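Please read the structure below before turning to the comments.
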Amino acid sequence: MPISFTCPHCGKQTSVADQYAGQSGPCRFCGEIITIPATEVPPTLSAAPQPPVKGSGTGATIGVVAVVCVVVLLVCGGVLVALLLPAVQSAGEGARRAHCTNNLKQIGLALQNYHDTHKTFPPAYIPDKDGKPMHSWRVLILPYLEQQSLYERYNFDEPWDSPGNLAVTNTVIPVYSCPSCPPSGDSMGSTETNYMVITGPGTVFDGAKAARLADIKDGTSNTILVVEVVGTGVNWAEPVDLDVGNMQFPNVTGGSTGPDSHHPGGLNAVLCDGSVRFLSEAMDRQVLDALITKGGGEPIGDY
159 MPISFTCPHC GKQTSVADQY AGQSGPCRFC GEIITIPATE VPPTLSAAPQ PPVKGSGTGA
219 TIGVVAVVCV VVLLVCGGVL VALLLPAVQS AGEGARRAHC TNNLKQIGLA LQNYHDTHKT
279 FPPAYIPDKD GKPMHSWRVL ILPYLEQQSL YERYNFDEPW DSPGNLAVTN TVIPVYSCPS
339 CPPSGDSMGS TETNYMVITG PGTVFDGAKA ARLADIKDGT SNTILVVEVV GTGVNWAEPV
399 DLDVGNMQFP NVTGGSTGPD SHHPGGLNAV LCDGSVRFLS EAMDRQVLDA LITKGGGEPI
459 GDY
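Numbering follows my numbering, with no gaps: position 159 of the sequence shown is 317.
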């Protein structure tokens, strides 16, 4: 008979077949390891012999036993799946987070290689003659992401979304998409970016100004280059990023209001030294602000 018990970690109640008494496995709700409590087997009760039922016999008995075995197997299989599913889901998210970390490492390396070539990081955007953002930094680093041919097809004399540039900007660039983000419905992937820089006075990306490594007085290991974002609807070529003056953290509204991710507990960010750090959603905003500025001189400490 099923054993009913309560998980000591999350308090959720469930039941499993008694054959799992004394065994351990992950809770179906919280994923923590639990041990199924043992049960006492009730003593066998004596009963008066019953007259045989007409039509009963060995064949009928085997049929009943077979049905019972099938039912038990189905129930036990469902319980095992329920117990193991959270662990499988957790392992899948771990792989996606590692993939996202690798994306940011590639982007960070591309930005450093751009600096080696041009002696500055790219500006957040290249403006048109009226000062309006026209081209994104994500376009400028394409040659350093093994996208030289795509970069050569991009026309810098036209806006990023001009008819002449659509063939380029509608191309999916996998390194600009976090695998933990829900699919966009396009089987070929999404052109929406999940990585942005933080712009504004005091940051590495102050509008159309290009910063040098020498300008990062706080140290390259204490200054953010790129952060994760979700639900922005921003094409990777679109010159849109996070404005430090309007940025929310933690991002409670979604969209492009602040750093955010679909990873439980926080988000990835790449620093100016090329390392990737996981920023907790419980991080103090003052610590984040200190990481954003390139020369503020604020103490940072552990985070």
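Here a beta-carbon is modelled for each residue, glycine too, at the ideal position from N, C-alpha and C.
All values reported here derive from a predicted model rather than from experimental measurement.
**Study point:** DSSP bridge partner residues for Q171 (one or two, in chain order)
**Key:** Working through the sequence shown from its first residue, we reach residue 171 at position 13. BP columns for Q171 point to T164.
Check your understanding: Taking the C-alpha atoms as reference points, what is the distance between I265 and A179?
Key -> As a first step, residue 265 is located in the sequence shown; it is residue number 107 there, counting from the start. As a first step, residue 179 is located in the sequence shown; it is residue number 21 there, counting from the start. So the two alpha carbons sit approximately 51 Å from each other.
Exercise for review: Can you grab the Cα-Cα spacing for the pair N393 / P285, in whole Å?
Suggested key: One-based indexing of the sequence shown puts residue 393 at position 235. One-based indexing of the sequence shown puts residue 285 at position 127. Spanning the two alpha carbons is a distance of roughly 17 Å.
Review point. Whose C-alpha, out of S307, T329, Y334 and A325, is nearest the C-alpha of I295?
Key: Residue 295 sits at position 137 when you count from the first residue of the sequence shown. The sequence shown places Trp at residue 295, rather than the Ile named in the question. Out of S307, T329, Y334 and A325, Y334 has the C-alpha closest to the C-alpha of W295.
**Study point:** Reduced DSSP secondary structure (H/G/I, E/B, other) of Y309
**Key:** Here residue 309 corresponds to residue number 151 of the sequence shown, with the count starting at 1. Helix, per DSSP.
Point to revise | Through-space distance from L308 to S348, alpha-carbon basis | key: As a working note, residue 348 is residue 190 in the sequence shown. As a working note, residue 308 is residue 150 in the sequence shown. Cα to Cα, S348 sits roughly 17 Å from L308.
Exercise for review: Return helix, strand or coil for V374, following the three-state DSSP convention.
Suggested key: For the purposes of this step, residue 374 is taken as the residue at position 216 of the sequence shown. A small fix is needed here, since residue 374 is Ile in this sequence, not Val. Here I374 sits in coil by DSSP.
Check your understanding: Quick one, are the C-beta atoms of L429 and Y461 less than 9 Å apart?
Key -> For the purposes of this step, residue 429 is taken as residue 271 along the sequence shown, with counting starting at 1. For the purposes of this step, residue 461 is taken as residue 303 along the sequence shown, with counting starting at 1. No, the Cβ-Cβ distance between L429 and Y461 is not below 9 Å.
Check your understanding: In this structure, does DSSP put I382 in helix, strand or coil?
Key -> Residue 382 sits at position 224 when you count from the first residue of the sequence shown. Three-state DSSP puts I382 in a strand.
Point to revise | Length of the line joining the Cα atoms of L238 and G423 | key: Counted from its first residue, the sequence shown places residue 238 at position 80. Counted from its first residue, the sequence shown places residue 423 at position 265. Residue placement at L238 is poorly supported in this model, since its pLDDT is 42, which falls under 50; the coordinates still yield a value, given next. For L238 and G423, the distance between alpha carbons rounds to 27 Å.
Point to revise | Reference A366, options H293, H167 and G455, closest by Cα | key: The residue you call residue 366 lines up with position 208 of the sequence shown. Of the listed residues, the one whose Cα sits closest to A366 is H293.
Check your understanding: DSSP three-state call for E251: helix, strand or coil?
Key -> By 1-based counting over the sequence shown, the position of residue 251 is 93. Three-state DSSP puts E251 in a helix.
Check your understanding: Between G377 and T193, what straight-line distance do the alpha-carbon atoms span, to the nearest angstrom?
Key -> Position 219 of the sequence shown, counted from the start, is the residue given in the question as residue 377. Position 35 of the sequence shown, counted from the start, is the residue given in the question as residue 193. Their Cα atoms are separated by approximately 49 Å.
**Study point:** T357 beta carbon less than 9 Å from that of V402
**Key:** For the purposes of this step, residue 402 is identified with residue 244 of the sequence shown, where counting begins at 1. For the purposes of this step, residue 357 is identified with residue 199 of the sequence shown, where counting begins at 1. Going by C-beta atoms, V402 is nearer than 9 Å to T357.
Practice item. Could you pull out every residue in the same chain whose Cβ sits closer than 7 Å to the Cβ of T278, ignoring the five residues on either side in sequence? Key: Along the sequence shown, read from residue 1 onward, the residue named residue 278 stands at position 120. Counting only Cβ-Cβ distances below 7 Å, and skipping sequence neighbours, we find A368, A369 and R370.
Review point. How would you write the range of the alpha helix (DSSP H) that L449 sits in, first residue to last?
Key: By 1-based counting over the sequence shown, the position of residue 449 is 291. R443 to I450 is the extent of the alpha helix (DSSP H) around L449.
Exercise for review: Would you kindly check if the distance between the Cβ of A395 and the Cβ of V330 is under 9 Å?
Suggested key: One-based indexing of the sequence shown puts residue 330 at position 172. One-based indexing of the sequence shown puts residue 395 at position 237. Contact: no.
Review point. Which value, in whole angstroms, describes the spacing of the CA atoms of R254 and G416?
Key: In the sequence shown, residue 254 corresponds to position 96, counting from 1. In the sequence shown, residue 416 corresponds to position 258, counting from 1. The alpha-carbon atoms of R254 and G416 are separated by roughly 21 Å.
Exercise for review: Please work out which residues of its chain come closer than 6 Å, Cβ to Cβ, to P337, disregarding the five sequence neighbours upstream and downstream, and give them in chain order.
Suggested key: Taking the first residue of the sequence shown as 1, we reach residue 337 at position 179. The answer, listed in chain order, is R254 and H257.
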